[in-house]
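*Asks:*
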Amino acid sequence: MPSLASLSRPSVDTRRLGLIGGTSLAALGLVTLAVAALESQIAVPDASSMYLLAVVGIGIAFGTTPAILTAVGAFVVYDFLFTEPRFSLTVHDPGEWLNLLLLLVVGAVVGQLAGRQRDRAEQALAREREARALFKVSFALSGRRDTTEALASIVATIRNETRMSRVWVVLGEAIAADTTGSRLASAPAVHAVLRRRPGDEPAAWVLVHVPGAAAGAGRDGAETAFRVAIITGERTYGSLWGSRPRDLGVPDAGETRVLGAAADQLGGALERDRLAREATSAEVSRRSDALKSALLDSVSHDLRTPLASIRAAAGTLMDPEVEWPADQRRTLAASIDHEADWLNRLVTNLLDMSRIEAGELQPSLRPFDLGDLVDQAVDRSSPGLAGPRLRVDVPAALPPVMVDEVFLGQVLVNILDNAVVHAGPDAAIAVTARPLADRTVRLSVDDAGPGVPPETMARLFEKFYRVPRTGEGSRRGTGIGLSVVEGLVEAMGGRAVARRSDLGGLAIDLDLPTAPAMASG
């Protein structure tokens, strides 16, 4: 079975060695021709420094060791071809020995400097690749709604930047993303695990066996698998896997950093997803509890009050010991009818709210004269609306509106009842309408009551929201009347807006679409 040490030693690349050797020999040959021309044709006494060009070129192209070997080759070639006696490695003139030694030393130093410069350039390129790879991973994670949506592009990026033949992510027991498209999770019997170290110590790969695997499993595999755990704090989400041909060896330091950082970013993103889901669940639970509490409060209070009035009036009428005059019987009967009507509207609003939330509202839109609909709604509204306090100004010249008769009637009754309850018994109420420029009619209900605080204006259409007030009577309202108004108006293609009234109280504006003109025959 392969050891990690054997995996760390990639096989010798004979083609690269051949390329380096051939290039070095070619460079020495070209420089030798140039030296021969300089010393024989131009009579340069010592052109040995020309060999430094070959040393620098090889150092920049292939690194320090090939450059030093080229310097040694230049020393031998110049001694053999250009020093007396020629075609021999012996040197008679001590001055020539000094020149040759200087050539060797300077060549080795220049080769080393050129090789180091090349190494720095390669390190800079490697850092650039790392930064580019991690930026791509971060960018993919930043633009996703859920981490799993970004995994496909992340594994492709990691495969391209780490010389892996395959990269995949395992979350839980299943493969969440794989560059090969596979979804079958099976850990290789023998694979290398990245072991993180404390402080600034570099991480190291450790060869491990899967428990229960056969003794010879993984012995002759052509590829080696590498695994990085995706961990955040004390929570493990899964693993980032990669496989590559064995002759490439263990990922180098840069590739290891990319794999480790990518796993860390995935862990952070998955942790944020988990926290977001928990926060959403907690918010849903909180709102659900608040909704239940508000509904129970509405049912227990707003149903009990009219029921108590109905029972009291009915009990009075049923008393056999009291003979009530006809006018008092009519008064008690009217009280029962009024409270029953209040209950009917309350139940209607609750049912309408349920239909609005379920998306089951299907308005029957037809053209209507707005004045007629307003008159009908006023007749159906609370008795407290009667008298001079109400002013209706709906011009007859207004274009017909395209609405649902029942829906708009319920909307107006809710708004008018809300004004009667909260504006006060003597506050003026005005219903006005005017056309807008965009084939819309604005119907407004204004009151001269105390209005609402500016900070609560934006919440008036929230379900079960009640404006905090002092000195309210027993009937506060359910807090869903205006929510139903908004839902019904939007179902008809309109818009409901609350604002401060010109009369000093609250105003509700309803923007309603007008009916299209009839086509000429």
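First residue of the sequence shown: -18, per this note's numbering; consecutive thereafter. Positions of the beta carbon are idealized from the N, C-alpha and C atoms, including for glycine.
1. Assuming Trp78 is part of the alpha helix (DSSP H), what are its boundary residues?
2. What did DSSP end up calling Ala295 once you bin it into helix, strand or coil?
3. In this structure, does DSSP put Val375 in helix, strand or coil?
4. By Cβ distance, which residues of its chain are closer than 8 Å to Thr297, with the 5 residues on each side in sequence left out?
5. By Cβ distance, which residues of its chain are closer than 7 Å to Glu204, with the 5 residues on each side in sequence left out?
6. Given Glu77, which residues of its chain have a CB within under 6 Å of its CB, disregarding the five upstream and five downstream residues?
7. Can you say whether Gly124 is buried or exposed, counting buried as having 16 or more other CB atoms within 10 angstroms of its CB?
8. Using three-state DSSP, classify Pro179 as helix, strand or coil.
9. With three or more beta-carbon pairs closer than 8 Å as the criterion, would you say the segment 489 to 497 touches the segment 471 to 479?
10. May I ask you to report which of helix, strand or coil DSSP gives Thr217?
11. State the Cα-Cα distance for the pair Leu486 and Phe388, rounded to the nearest angstrom.
12. With a threshold of 6 Å on Cβ separation, who are the neighbours of Glu252 within its own chain once the five nearest residues in sequence on each side are excluded?
13. May I ask you to verify whether the segment 98 to 111 touches the segment 50 to 64, counting CB pairs closer than 8 Å and requiring at least 3?
14. Checking the sheet assignment: what are the DSSP bridge partners for Ser224?
15. What is the DSSP secondary structure of Thr160, counted as helix, strand or coil?
16. Are the segment 7 to 18 and the segment 55 to 64 touching by the rule of at least three beta carbon pairs closer than 8 Å?
17. Could you compute how far the alpha carbon of Thr495 sits from the alpha carbon of Phe349?
18. Within its chain, find whatever has a CB closer than 7 Å to the CB of Ala294; leave out the 5 residues flanking it on each side and keep chain order.
19. Does the Cβ-Cβ distance between Arg208 and Val187 come in under 7 Å?
20. Check whether the Cβ atoms of Leu132 and Ala157 lie closer than 7 Å to each other.
21. Does the Cβ-Cβ distance between Leu115 and Ala242 come in under 7 Å?
22. Identify whether Ala479 lies in helix, strand or coil by the three-state DSSP scheme.
23. Please work out which residues of its chain come closer than 8 Å, Cβ to Cβ, to Pro236, disregarding the five sequence neighbours upstream and downstream, and give them in chain order.
24. Apply the 10 Å Cβ neighbour rule to Phe56 and answer buried if 16 or more other Cβ atoms are within range, or exposed otherwise.
25. Opposite Ser425 in the DSSP bridges: which residues?
26. Once you ignore the five residues that flank Gly248 on each side, which residues in its own chain have a CB closer than 7 Å to its CB?
27. Would you check if the distance between the CB atom of Ala42 and the CB atom of Thr128 is smaller than 7 Å?
28. Between the Cα of Arg370 and those of Asp353, Ala404 and Gln343, spot the shortest distance and give me the residue it belongs to.
29. Please report the straight-line C-alpha distance between Pro287 and Ala121, rounded to a whole angstrom.
30. For Ile23, which three-state DSSP category applies?
31. Which ranges does the alpha helix (DSSP H) cover as unbroken runs of at least 4 residues, wholly within the segment -8 to 56, from first to last along the chain?
32. Is the segment 430 to 438 close to the segment 377 to 393, with three or more CB pairs under 8 Å?
33. Helix, strand or coil, according to DSSP, for Pro306 in the structure here?
34. Bridge partners of Val384, per DSSP?
35. Please list the terminal residues of the continuous beta strand (DSSP E) segment that includes Val189.
36. Within this structure, are the beta carbons of Ala170 and Val191 separated by less than 7 Å?
*Replies:* So, from the data block:
1. Locating residue 78 in the sequence shown gives position 97, where the first residue counts as 1. It spans Pro75 to Ser123 - the alpha helix (DSSP H) in which Trp78 sits, taken as one unbroken run.
2. In the sequence shown, counting from the first residue as 1, residue 295 sits at position 314. In the structure shown, Ala295 sits in a helix (DSSP, three-state: H, G or I).
3. As a working note, residue 375 is residue 394 in the sequence shown. In this structure, Val375 counts as coil in the three-state DSSP scheme.
4. Here residue 297 refers to the residue found at position 316 of the sequence shown. Taken in chain order, the residues that qualify are Val303, Trp305 and Leu313.
5. Along the sequence shown, read from residue 1 onward, the residue named residue 204 stands at position 223. Counting only Cβ-Cβ distances below 7 Å, and skipping sequence neighbours, we find Ser146, Ser224, Arg225, Pro226 and Arg227.
6. Taking the first residue of the sequence shown as position 1, residue 77 is located at position 96. If we look at Glu77 and ignore the five residues flanking it on each side, its Cβ neighbours are Thr64.
7. For the purposes of this step, residue 124 is taken as residue 143 along the sequence shown, with counting starting at 1. Counting Cβ neighbours within 10 Å, Gly124 comes out exposed, since fewer than 16 surround it.
8. Mapped onto the sequence shown, residue 179 falls at position 198. Of the three classes helix, strand and coil, the one that applies to Pro179 here is coil, per DSSP.
9. yes
10. Numbered from 1 along the sequence shown, position 236 holds the residue referred to as residue 217. Three-state DSSP puts Thr217 in a strand.
11. As a working note, residue 486 is residue 505 in the sequence shown. As a working note, residue 388 is residue 407 in the sequence shown. A quick correction: the sequence has Gly, not Leu, at residue 486. Their backbone Cα atoms lie some 25 Å apart in a straight line.
12. To locate residue 252, count along the sequence shown from 1; it is residue 271. Excluding residues within five positions, the ones whose Cβ falls inside 6 Å are Thr213.
13. no
14. To locate residue 224, count along the sequence shown from 1; it is residue 243. Per DSSP, Arg147 and Ala206.
15. As a first step, residue 160 is located in the sequence shown; it is residue number 179 there, counting from the start. It is coil, neither helix nor strand.
16. yes
17. Position 514 of the sequence shown, counting from 1, holds the residue named residue 495. Position 368 of the sequence shown, counting from 1, holds the residue named residue 349. For Thr495 and Phe349, the distance between alpha carbons rounds to 9 Å.
18. Against the sequence shown, residue 294 aligns to sequence position 313. The answer, listed in chain order, is Leu313, Ser316 and Ile317.
19. One-based indexing of the sequence shown puts residue 208 at position 227. One-based indexing of the sequence shown puts residue 187 at position 206. It is not a contact, given that the beta carbons lie outside the stated cut-off.
20. Here residue 132 refers to the residue found at position 151 when the sequence shown is read from its first residue. Here residue 157 refers to the residue found at position 176 when the sequence shown is read from its first residue. Result yes, Cβ atoms of Leu132 and Ala157 sit closer than 7 Å.
21. To locate residue 115, count along the sequence shown from 1; it is residue 134. To locate residue 242, count along the sequence shown from 1; it is residue 261. A contact, by the Cβ cut-off of 7 Å.
22. Walking along the sequence shown from the start, residue 479 turns up at place 498. Three-state DSSP puts Ala479 in a strand.
23. Residue numbering aside, residue 236 sits at position 255 when the sequence shown is read from its first letter. Sequence inspection shows Glu at residue 236; the Pro mentioned does not correspond to that position. So the list reads Glu142, Thr143 and Arg144, once near-sequence residues are dropped.
24. By 1-based counting over the sequence shown, the position of residue 56 is 75. Buried, since its Cβ has 16 or more Cβ neighbours within 10 Å.
25. Stepping through the sequence shown from its first residue, residue 425 is reached at position 444. Answer is Thr413 and Asp490.
26. In the sequence shown, the residue the question calls residue 248 occupies position 267. Cβ neighbours of Gly248 beyond the five flanking positions: Ile211, Ile212, Thr213 and Tyr218.
27. Taking the sequence shown and counting its residues from 1, the one referred to as residue 42 is at position 61. Taking the sequence shown and counting its residues from 1, the one referred to as residue 128 is at position 147. Contact: no.
28. Along the sequence shown, read from residue 1 onward, the residue named residue 370 stands at position 389. Selected option, being the one with the closest Cα: Ala404.
29. Along the sequence shown, read from residue 1 onward, the residue named residue 287 stands at position 306. Along the sequence shown, read from residue 1 onward, the residue named residue 121 stands at position 140. Cα to Cα, Pro287 sits roughly 60 Å from Ala121.
30. Here residue 23 refers to the residue found at position 42 of the sequence shown. Coil at Ile23, not helix or strand.
31. -5 to 21 and 32 to 43
32. no
33. Start at 1 with the first residue of the sequence shown, and residue 306 comes out as number 325. It is coil, neither helix nor strand.
34. The residue given as residue 384 occupies position 403 in the sequence shown. Looking at the DSSP assignment, Val384 forms a beta bridge with Arg347.
35. Your numbering for residue 189 matches position 208 in the sequence shown. From DSSP, the beta strand (DSSP E) with Val189 extends over Ala185 to His190.
36. For the purposes of this step, residue 170 is taken as the residue at position 189 of the sequence shown. For the purposes of this step, residue 191 is taken as the residue at position 210 of the sequence shown. Cβ distance < 7 Å, so Ala170 and Val191 count as in contact.
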